[in-house]
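Peer 1: Let me give you the structure first, and then I'll get to my questions.
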Amino acid sequence: MLSDVEYEEQIEATIQALEEALDEVEDDVDYELGGGILTVTFTNGTTIVVSRQPPVKQLWLATRSGGYHYEFDTDANDWKDTRTGGLFTPFLIKEMLDQGGVELEL
9 MLSDVEYEEQ IEATIQALEE ALDEVEDDVD YELGGGILTV TFTNGTTIVV
59 SRQPPVKQLW LATRSGGYHY EFDTDANDWK DTRTGGLFTP FLIKEMLDQG
109 GVELEL
C-alpha cells in the first residue's frame with residue numbers, strides 16, 4: 009500500500025493529467041475541480057465524477073454504468089479496480105467515449 013505522501017503524489021499526477029487531457033478535447037465538454045472532486049459534464053447532460061478518497065488511499069470513479077473504486081498499482085503504474093482488477097486509464101477512456109462521445113487521450 010502507498011504511503012500518504014506516495015498516494016498524494018499519484019492522485020495529484022492523475023488529476024493533473026486528466027485536466028490536461030480534458031483541455032485538449034475538441035468536443036464541447038466542461039469540467040470542474042473542487043474539494044478533491046473532478047466532475048466532467050457532457051453535452052448530453054450526463055456526468056463522470058473522479059474523486060480522491062485519502063482515508064482509504066483510493067480513487068473513486070462514478071459513471072453512468074456504475075461506481076468503481078481503484079487502488080494504485082505500482083507495477084502497472086495505474087489505478088486498479090478493487091473488484092475486477094481492471095485498470096483506470098483504459099476504462100475511463102472507454103467510458104468517456106461511450107457516455108459522452110468524447111475521445112480522451114491520456
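Here the sequence shown stands for residues 9 to 114, numbered as in the working numbering.
Just so it is clear, CB atoms sit at the ideal spot from N, CA and C, and this is done for glycine as well.
Could you tell me which of T97, H77 and D38 sits nearest to A25, measuring between CA atoms?
Peer 2: If you number the sequence shown from 1, residue 25 lands on position 17. Measuring from the Cα of A25, the nearest candidate turns out to be T97.
Peer 1: Please list the terminal residues of the continuous alpha helix (DSSP H) segment that includes T97.
Peer 2: As a position in the sequence shown, residue 97 is number 89, starting the count at 1. That run of the alpha helix (DSSP H) goes F96 to G108.
Peer 1: With the cut-off set at 8 angstroms, would you say L114 and A29 are in Cβ contact?
Peer 2: Sequence index remark: in the sequence shown, residue 114 carries index 106 (1-based). Sequence index remark: in the sequence shown, residue 29 carries index 21 (1-based). Cβ atoms of L114 and A29: closer than 8 angstroms.
Peer 1: By DSSP, does L26 sit in helix, in strand, or in coil?
Peer 2: For the purposes of this step, residue 26 is taken as residue 18 along the sequence shown, with counting starting at 1. Residue state, collapsed to three classes: helix.
Peer 1: Which residues in the same chain have their Cβ closer than 7 angstroms to the Cβ of E103, if we skip the five residues on either side of it in sequence?
Peer 2: What you label residue 103 is simply residue 95 of the sequence shown in a count that begins at 1. For E103, where only same-chain residues beyond five positions count, the Cβ hits under 7 angstroms are I56, T71 and S73.
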